[in-house]
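Take a look at the structure set out below.
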Amino acid sequence: MQKPKNIIQKVWQQHVVHQEAGKPDLLFIDLHLVHEVTSPQAFEGLRMNGRKVRRPDLTYATMDHNVSTRDRNVIKDPISKKQIDTLKENCQEFGVELSDRQHPDNGIVHVIGPELGLTQPGKTIVCGDSHTSTHGAFGALAFGIGTSEVEHVLATQTLWQAPPKTMNVKVNGNLGTGVTAKDLILAIIGKFGVQFGTGYVMEYTGEAIRSLSMEERMTVCNMSIEAGARAGLISPDETTFEYLKGRRHVPKGEAFLEAVAKWRALATDEGAQYDAVVEIEASEVEPQVTWGTNPGMCIPITASVPNPDHEEKANKKDEISRALHYMGLEAGQPISSVEIDHVFIGSCTNSRLSDLRKAADVIRGHKVNPKVKAIVVPGSFSVKMAAEKEGIDQIFKEAGFEWREAGCSMCLAMNDDIVPPGGRCASTSNRNFEGRQGNGSRTHLVSPEMAAAAAVAGRFVDVRQFTAQGVL
Amino acid sequence: MEPLRIHTGVVCPLNRNNVDTDQIIPKQFLKRIERSGFGQFLFYHWRFDDDGNLREDFSMNHPKYQGASILVAGENFGCGSSREHAPWAIQDFGFKVVIAQSYADIFKNNCVKNGILTIQASEEQVQSIMRKAEDEEYSLTVNLEDQVVTDNQGLEFTFDIAPYPKEMLLNGWDEIGVTLNYEDKISAYELAHK
Chain A
52 MQKPKNIIQK VWQQHVVHQE AGKPDLLFID LHLVHEVTSP QAFEGLRMNG RKVRRPDLTY
112 ATMDHNVSTR DRNVIKDPIS KKQIDTLKEN CQEFGVELSD RQHPDNGIVH VIGPELGLTQ
172 PGKTIVCGDS HTSTHGAFGA LAFGIGTSEV EHVLATQTLW QAPPKTMNVK VNGNLGTGVT
232 AKDLILAIIG KFGVQFGTGY VMEYTGEAIR SLSMEERMTV CNMSIEAGAR AGLISPDETT
292 FEYLKGRRHV PKGEAFLEAV AKWRALATDE GAQYDAVVEI EASEVEPQVT WGTNPGMCIP
352 ITASVPNPDH EEKANKKDEI SRALHYMGLE AGQPISSVEI DHVFIGSCTN SRLSDLRKAA
412 DVIRGHKVNP KVKAIVVPGS FSVKMAAEKE GIDQIFKEAG FEWREAGCSM CLAMNDDIVP
472 PGGRCASTSN RNFEGRQGNG SRTHLVSPEM AAAAAVAGRF VDVRQFTAQG VL
Chain B
1360 MEPLRIHTGV VCPLNRNNVD TDQIIPKQFL KRIERSGFGQ FLFYHWRFDD DGNLREDFSM
1420 NHPKYQGASI LVAGENFGCG SSREHAPWAI QDFGFKVVIA QSYADIFKNN CVKNGILTIQ
1480 ASEEQVQSIM RKAEDEEYSL TVNLEDQVVT DNQGLEFTFD IAPYPKEMLL NGWDEIGVTL
1540 NYEDKISAYE LAHK
């Protein structure tokens, strides 16, 4: 009998082009997603060396980081415009399919891949973007790469990769009411730290993971990189197949059934081993809010921000003090007392239809606090259309939110959606690094539901009480 | 890519953990379509205040660390975004070697592709180097061939590096050129997986 394997080992083995002692494995890449920020130097490298894109049919490009969410046709910053135009020219020259700003398939690269059915179980997927881990939700081995590697994949459709160590992130039990996939991944990073996944590919397993929808699974896998893991994935199951059925690039009819049989066989075998295992009880997870300057600095909404004096190690003390200073918070302050002036609902972590629906459910019948500027940025053109069909845009607009066009937007503020210096934002994105949403901006990462409740209250509130009582 | 065998240089300490690539090169500088010229933006908001003046309390701005070519930091250096603009900025600023307690995976990979050596050292070694770097006469030598770090004050320790990145760095190879030697294997794989 064959030794039981986990899904990471199976997908890896299926993609090894060449193996030799003293070298990493040469791995075949099934899907290469490209965007405007990390690709221009790669295309330039090809041009300088007279090389072609080896497999344009396995390469797909979109523009998302620089696009304006006010008007899809206008980009005021000439340098941003140049980057966008360069991608278009490169795609034309090298024969790569592109959904440009006006294209109905356009959106954040990690939202449209799954939407179009390009993302499938068992594929190796790369993109010059660290949140490529998102696609792991489908049981794909998906990871972010740098621009030199982008060029390498364009030229060869392969990458030299050392086999990763594997980790089982086991989530026991079920999440409580009002506790989301976002809270779960934040709690995991908060518990185990921002580098426990370094050197590993993680597989999320357990009852709580099985109960998540595909969009919730994407939220979890998306933030694997914030735990240091280049990739995080989930074995495919009926939820996965149901999501994929009928999507444009997914096989149809008989071919779909064959594909499902193959995908099913990828799931981790009973008794498979990992290099490491961590466990967390889902029922103990509460809605989370980050207080500091990395995603591991997070606490439950019921808790208070830490006090550096309670730390023994000098560098930990410094780290907390520096973060508190940057964030303009007092040691020991209850997080629920922190007032905000911006709310951002969007990003490749939380901008899908179900995210918007859940935030809209919280906001329905309420008004955004007058001191808060709140925006909703759907993850793709098609999410936006679907939300508008359901009238979700109206709920947000009536409450006082701005309803925008799709893009990366205020997650990293490369376009004109910027939190001003000293501004404080409840954000559904993935990174609360210094200056991430604008120079001097202060970011608190939360779920869409928590962001919606904060928009109304003007401070962080426990969404479980907010929805239960309908009052603040 | 320039080969790297033995390098001696001035050390600049950056005594922080979890330095993310958003700090190394803030997003407003990612819009360029060139590979060069990023050094001026390295650690932009840590080096400069809002009016563009140098912040005196930031180590890299201190006169004794000018011309440094070895950067020393704490844990999880280069975490966050995959932007290769981070190593481009580090290199363009003049650094050839980074020594830290640990690195984020993507950042470490990106460094190799640009000929930057990343050395993993213990907290004790890192702290000792940072302390000694305050001495203006201090210099550090990194020998990649023998995988040894030494300084002019008697420090000596070995470091690990996998054979493949070591070979790439020692020879300054263009990786795509190397991979294209395996074209027949790639074609065979493609044929078998049609």
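Those protein sequences? They're chains A and B, same order as listed.
For the record, in the first sequence the residue sitting at position 274 is 325 according to my numbering, with numbers rising by one throughout.
For the record, in the second sequence the residue sitting at position 155 is 1514 according to my numbering, with numbers rising by one throughout.
Quick reminder that beta carbons are idealized off the backbone N, C-alpha and C, glycines included.
Per DSSP, M218 (chain A) forms a beta bridge with which residues?
A:M253, A:A327
Does the beta carbon of N345 (chain A) sit closer than 8 Å to a beta carbon anywhere in chain B?
yes
Does any C-beta atom of chain A lie closer than 8 Å to the C-beta of K1544 (chain B)?
yes
Quick check: is the beta carbon of Q1320 (chain B) nearer than 8 Å to any beta carbon in chain A?
Absent from the structure is residue 1320 (chain B), since the part of chain B shown begins at 1360 and ends at 1553.
Specify the secondary structure class of Q53 (chain A) as computed by DSSP and reduced to three states.
coil
When you compare only the Cα positions, how much space is there between S587 (chain A) and L138 (chain A)?
Past the edges of chain A, shown from 52 to 523, lies residue 587 (chain A), and the structure says nothing about it.
Chain B partners of F243 (chain A), CB-CB under 9 Å?
Per Cβ cutoff of 9 Å: no residues; F243 (chain A) is ~13 Å from chain B at best.
State the DSSP-derived secondary structure class of D108 (chain A), mapped to helix, strand or coil.
helix
Which runs of the alpha helix (DSSP H) fall wholly inside the region 266 to 306 of chain A and span at least 4 residues, in chain order?
289 to 295
Cα-Cα separation, M274 (chain A) to N225 (chain A)
20 Å
Can you list, in chain order, the residues of its chain with a C-beta nearer than 7 Å to that of N219 (chain A)? Leave out the 5 residues immediately preceding and following it.
E254, T256, Y325, V328
Residue from A:Q171, A:A206, A:Q488, A:N366 with nearest C-alpha to A464 (chain A):
A:Q488
Under 8 Å between C-beta atoms, does C1371 (chain B) make it to chain A?
no
Sequence-distant residues of its chain with Cβ nearer than 6 Å to H182 (chain A) (five each side left out):
H161, N273, C399
With a threshold of 16 other CB atoms inside 10 Å of the CB of N124 (chain A), please say whether the residue is buried or exposed.
exposed
Just to confirm, is the Cβ distance from T209 (chain A) to V68 (chain A) under 8 Å?
yes
Less than 8 Å between the beta carbons of A477 (chain A) and A438 (chain A), yes or no?
no
Is D392 (chain A) near K418 (chain A), with beta carbons less than 8 Å apart?
no
Considering D1451 (chain B), what are the terminal residues of the alpha helix (DSSP H) in which it resides?
1444 to 1452
Quick check: the region 134 to 152 of chain A against the region 83 to 94 of chain A, are there 3 or more CB pairs under 8 Å?
yes
Which chain A residues sit within Cβ distance under 7 Å of L1401 (chain B)?
By Cβ distance, chain A contributes nothing, its closest Cβ being about 14 Å from L1401 (chain B), past 7 Å.
Residues from the region 1387 to 1418 of chain B in contact with chain A, defined by Cβ distance under 8 Å
Q1387, L1389, K1390, R1391, I1392, E1393, R1394, H1404, D1409
If you pair each beta-carbon of the region 276 to 283 of chain A with each one of the region 236 to 247 of chain A, do three or more pairs fall below 8 Å?
yes
Name, in chain order, the residues that DSSP records as bridge partners for Q1479 (chain B).
B:A1459
Is there a Cβ of chain A sitting closer than 8 Å to that of L1476 (chain B), yes or no?
no
Pull out every residue of the region 131 to 162 of chain A whose Cβ sits closer than 8 Å to any Cβ of chain B, in chain order.
S131, K133, Q134, T137
DSSP puts P1372 (chain B) in a beta bridge; with which residues?
B:V1431
Quick check on DSSP: helix, strand or coil for V522 (chain A)?
Because the pLDDT of V522 (chain A) is 49, which lies under 50, any placement of that residue in the model is unreliable, and the number read from its coordinates should be weighed accordingly. It is coil, neither helix nor strand.
Compare the C-beta of D1553 (chain B) with all C-beta atoms of chain A and state if any pair is closer than 8 Å.
Position check: residue 1553 (chain B) holds Lys in this sequence, whereas Asp was assumed. Not an interface residue.
From the DSSP output, read off the bridge partner residues of L1550 (chain B).
L1550 (chain B) is not bridged to any residue.
At the 8 Å Cβ level, is K1423 (chain B) part of the contact set with chain A, yes or no?
no
Counting only C-beta atoms, is F79 (chain A) closer than 8 Å to chain B at any point?
yes
Nearest chain A C-beta to G1453 (chain B) closer than 8 Å, yes or no?
no
Run through chain B and tell me which residues come within less than 8 Å of K74 (chain A), C-beta to C-beta.
P1522, Y1523
Check the C-beta distance from F1397 (chain B) over to A1448 (chain B) and give it rounded, since I have them as a contact under 8 Å.
4 Å
Check G195 (chain A) in the structure and name its three-state DSSP category.
strand
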